[in-house]
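Each residue of the sequence shown is one higher than the last, beginning at 1 in UniProt numbering. To start, the structure under review is shown below, and the notes come after it.
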Amino acid sequence: MKTVSHLINNKNTPLSTDSRTAPIYNPATGQISKQVELACKATVEEAIAAAEEAYPAWRNTPPQKRAAIMFKFKELLQQNADRIAEAVGEEHGKISHDAMGELQRGIECVEYACYAPELLKGEHTKNVGPSIDCWSEFQALGVVTGITPFNFPAMVPLWMYPMAIVCGNTFVLKPSERNPTSALMVAELLHEAGLPEGVLNVVNGDKEAVDVLLQDTRVKAVSFVGSTPIAEYIYTTANTNGKRCQALGGAKNHAIIMPDADMDNAVNQLLGAAFGSSGERCMALSVAVAVGDQAADALIEKMSKAMQALKVGAYTNSDNDFGPVITREHQQKVVGLIDSAEQDGAKVVVDGRKPSVTGYEDGFFVGATLIDNVTTEMVSYQQEIFGPVLQVVRVDSMKEAMQMINDHEYGNGTCIFTRDGEAARYFSDNIQVGMVGINVPLPVPVAYHSFGGWKRSLFGDLHAYGPDSVRFFTKRKTITQRWPSSGVRENADFSFPA
Ligand code: NAD
């Protein structure tokens with residue numbers, strides 16, 4: 001069986017006989033397809049040492065030369081897109097059109113990183129005092145790290161290291177151990193594009209590897225994306241150890257369906273946003289809050305009809321709408337939360353608990369599920385389900401809908417479907433959520449804006465990718481300069497210069 005290892009100094013590390021391993025599944029067949037070596041302390045330290053050694057020369061490489069490698073990288077990603085999407089499909093289960101979409105979003109972050117020479121230009125003021133000039137510049141931090149989740153195995157690493165590297169840092173990536181192959185393939189392409197050895201290193205592993213990255217004083221910053229309990233742990237530990245950290249966590253994204261919404265459009269939009277990628281997206285719309293029973297009844301009727309056409313199946317058939325969930329345990333968790341909603345008094349209108357996928361009977365599939373009459377006291381409402389499940393909550397007013405969203409512990413994304421501009425404006429102004437859509441179900445910011453939630457969906461200040469990532473991966477230095485001309489010397493001044 002193939003064992004996936006690490007990429008340190010642009011070399012695949014030899015397999016060690018005594019290291020721990022974990023299975024990698026093909027979620028569509030339910031079978032183990034490979035195994036991954038889980039890095040021990042020594043391996044992670046080797047990767048950090050490689051990054052540290054590469055740092056001085058890389059930091060002093062002119063920004064346009066660093067950007068030139070990103071231009072080439074973008075080209076190689078486009079040329080190899082099919083191959084990468086196939087690897088995502090095999091280990092994640094995503095259908096090829098969805099995997100290609102994920103990769104495209106990652107490529108756009110590489111495109112943005114190509115602007116680095118422009119983005120890194122500092123600020124300069126001449127003559128802040130007599131013959132005194134002042135400027136701020138944005139310096140690299142040193143060795144930085146990224147720890148990424150399973151659900152966007154190719155894209156989320158690209159949120160992080162293209163910008164980190166182009167800003168002059170060197171990087172250690174720790175991808176999800178559940179599906180590491182696409183992240184490794186992408187990292188290899190960056191080396192093919194001309195990246196010097198040691199600037200980007202990839203270690204596979206679990207908590208043991210992450211803890212080394214969090215403890216090591218050579219690592220200056222940690223960018224994390226994953227579930228909220230782990231995000232909180234990463235943020236707290238990194239901060240305690242004096243590191244800069246941004247830790248993006250889980251979500252429960254609500255869509256408000258106003259009585260004046262174009263219901264056919266809302267249903268179409270919700271279908272993709274709730275069930276696409278099996279609901280395993282941090283921006284998945286998992287709760288529809290219908291304002292008034294008339295809107296709720298129309299939503300349930302049209303949605304349950306539209307759901308009959310949805311196809312769940314293996315990634316190999318691009319006619320399928322979505323694939324399996326990531327593991328058997330996760331499949332059981334999703335089904336368990338549907339059971340609990342039913343036991344708590346909600347009505348399962350479309351039941352995906354026992355889907356039949358011919359030829360893939362052992363796959364980790366859950367069919368599209370629609371649940372009506374969900375209330376805020378239910379555990380299935382409070383938790384992130386991360387499966388193809390849309391819950392409908394009925395409320396009497398927009399105020400009540402907004403209060404519910406503001407009271408939820410997560411604040412990643414949200415959306416309103418309405419024809420009323422005033423209502424939409426009030427909503428976007430007052431909702432306590434980081435990314436807001438108005439008749440746009442998945443308001444994922446484009447690469448030249450930044451991505452991040454509020455409340456317990458993000459620990460830290462700066463969001464991921466876009467302009468915030470330039471600030472996250474650099475530190476400001478402000479320099480004040482005077483060159484006294486010969487013969488002109490000032491006396492000591494004991495008051496603060498005004
Ligand atoms: P996860 O938290 O289980 O794992 C994420 C990373 O943390 C992995 O690399 C994993 O190896 C590591 N990790 C896991 N347990 C750890 C521990 N105890 N100590 C240290 N490191 C540990 O998340 P996941 O299941 O891979 O991904 C799904 C979650 O990620 C969902 O909650 C989803 O909402 C969230 N997510 C959030 C965003 C966002 O931008 N906010 C984007 C994608 C996914």
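Cβ atoms here follow ideal geometry from the backbone N, Cα and C, with glycine treated the same way. In this text the structure is predicted, and so the values were computed from the model without any measurement.
Kindly list the residues whose CB is nearer than 6 angstroms to the CB of residue 344, restricted to its own chain and excluding five residues on each side of it in sequence; keep chain order.
-> 378
Would you kindly report the start and end of the unbroken alpha helix (DSSP H) that includes residue 334?
-> 328 to 343
Verify the contact flag: residue 412, CB atom, against every heavy atom of ligand 1, threshold strictly below 7 angstroms.
-> yes
CA nearest to the CA of residue 247, picked from 237, 253, 254, 256 | 237
Distance between residue 362 and residue 329 (C-alpha atoms, nearest Å) | 13 angstroms
C-beta atoms of residue 327 and residue 365 nearer than 8 angstroms = Result no, Cβ atoms of residue 327 and residue 365 do not sit closer than 8 angstroms.
Simplified DSSP assignment, three categories, for residue 504 = Since the first residue shown for the chain is 1 and the last is 498, residue 504 is missing from the structure and cannot be characterised.
On the three-state DSSP scale, how would you describe residue 365?
-> coil
Three-state secondary structure (DSSP) of residue 370 = strand
Should residue 495 be counted as a contact of ligand 1 given a C-beta to heavy atom distance under 7 angstroms?
-> no
Could you name the residues that DSSP lists as bridge partners for residue 218?
-> Looking at the DSSP assignment, residue 218 forms no beta bridge with any residue, so it has no partner.
Considering only C-alpha positions, which residue in the set 225, 439, 289 is nearest to residue 375?
-> 289
Taking just the CA atoms, how far does residue 474 sit from residue 94?
-> 34 angstroms
Other residues of its chain near residue 168: CB distance less than 6 angstroms, five sequence neighbours each side excluded = 59, 140
Starting from the Cα of residue 78, find the closest Cα among 51, 121, 190 and give me that residue.
-> Shortest Cα-Cα distance from residue 78 to any of 51, 121, 190 involves 190.
Name the residue from 162, 302, 270, 158 whose alpha carbon lies nearest to the alpha carbon of residue 440.
-> Here the closest residue by C-alpha is 270.
Entirely enclosed beta strand (DSSP E) segments - the region 388 to 417, minimum 3 residues = 389 to 395, 413 to 417
Express the C-alpha separation of residue 228 and residue 387 in angstroms, rounding to a whole number.
-> 16 angstroms
6 angstroms CB neighbourhood of residue 244 in its chain, flanking five on each side removed | For residue 244, where only same-chain residues beyond five positions count, the Cβ hits under 6 angstroms are 221.
How many angstroms separate the CA atom of residue 132 from the CA atom of residue 216?
-> 40 angstroms
Roughly how many angstroms separate the alpha carbons of residue 61 and residue 213, rounded to a whole number?
-> 25 angstroms
For residue 495 and chain D, any beta-carbon pair shorter than 8 angstroms?
-> No chain D appears in this structure, which consists of one protein chain only.
Using only the heavy atoms of ligand 1, determine whether one of them is closer than 7 angstroms to the beta carbon of residue 76.
-> The answer is no for residue 76.
Straight-line gap, residue 92 to residue 325 (C-alpha atoms, nearest Å) = 8 angstroms
Pick out whichever of 127, 382, 177 has its Cα sitting closest to the Cα of residue 337.
-> 382
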